[in-house]
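A.B. asks: Can you keep this structure in mind? I'll have questions shortly.
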Amino acid sequence: MADKGAMNGLDGRQRQALAEALARLKREALDGVRRASGEMSTEDAELFRDLGLTGDGALAEAEFERDVAGAGQVRAALLAIVAAERRLAQGDYGLCEDCGESIGFARLEAQPSASRCVRCQDVAERRAGPARFAG
Ligand SMILES: [Zn+2]
């Protein structure tokens with residue numbers, strides 16, 4: 072069988088575990104967004120709509136727009152999680168977006184939303200400088 076999972080070095084059970092981890096992280100991120108107060112710009116609303124976050128019926132659109140207010144850090148984490156879920160659905164989850172190599176289960180387990188292998192992440196962070204989301 073031509074299983075796409077073989078490409079990224081993950082077996083079905085690992086992918087399932089990571090999918091569950093992503094879902095859990097997304098819930099936590101949404102909770103964090105809910106706790107944050109502030110205004111969500113129209114641009115943000117469109118961004119999240121584009122990402123399909125409201126498309127699965129998990130959240131009513133109006134509720135979602137109210138929830139995703141402020142909290143840039145949480146929002147960034149949420150975006151990474153949603154992007155990872157999309158890759159999971161497309162079958163290219165677990166592959167480094169820069170070099171195309173397998174990211175590896177150990178790294179994904181520690182950070183399910185990782186989109187780069189350790190080496191490329193290191194390069195990217197150096198390129199970006201000391202600025203980080205956390206802080
Ligand atoms: Zn890489």
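In terms of the working numbering, the sequence shown is residues 72 to 206. The C-beta atom is built at its ideal place from N, Cα and C for all residues, glycine as well. Values in this document were obtained by computation on a predicted structure and should not be read as measured data.
Just grab the DSSP bridge partners of L166 for me.
C.D. replies: Residue 166 sits at position 95 when you count from the first residue of the sequence shown. Partner(s): S173.
A.B. asks: What's the gap between the Cα of E99 and the Cα of A92?
C.D. replies: Position 28 of the sequence shown, counted from the start, is the residue given in the question as residue 99. Position 21 of the sequence shown, counted from the start, is the residue given in the question as residue 92. The alpha-carbon atoms of E99 and A92 are separated by roughly 11 Å.
A.B. asks: Work out the CA separation of D102 and C167 for me, nearest whole Å.
C.D. replies: Walking along the sequence shown from the start, residue 167 turns up at place 96. Walking along the sequence shown from the start, residue 102 turns up at place 31. C167 and D102: Cα-Cα distance of roughly 28 Å.
A.B. asks: Return the Cβ separation of L96 and S184 in integer angstroms, given the expectation that the two are a contact with Cβ distance under 8 Å.
C.D. replies: As a first step, residue 96 is located in the sequence shown; it is residue number 25 there, counting from the start. As a first step, residue 184 is located in the sequence shown; it is residue number 113 there, counting from the start. Correct: roughly 7 Å between the Cβ atoms.
A.B. asks: Out of curiosity, what's the CA-to-CA distance linking G165 and Q87?
C.D. replies: Taking the sequence shown and counting its residues from 1, the one referred to as residue 165 is at position 94. Taking the sequence shown and counting its residues from 1, the one referred to as residue 87 is at position 16. Each residue's Cα considered, the two are about 12 Å apart.
A.B. asks: For the alpha helix (DSSP H) containing Q182, list its first residue and its last residue.
C.D. replies: Reading the sequence shown from its first residue, position 111 is the one you call residue 182. Unbroken run through Q182: none, as it is neither H nor E.
A.B. asks: Look at the alpha carbon of R207 and the alpha carbon of G171, and state the distance between them as a whole number of angstroms.
C.D. replies: The question about residue 207 has no answer, for the chain in this structure spans 72 to 206.
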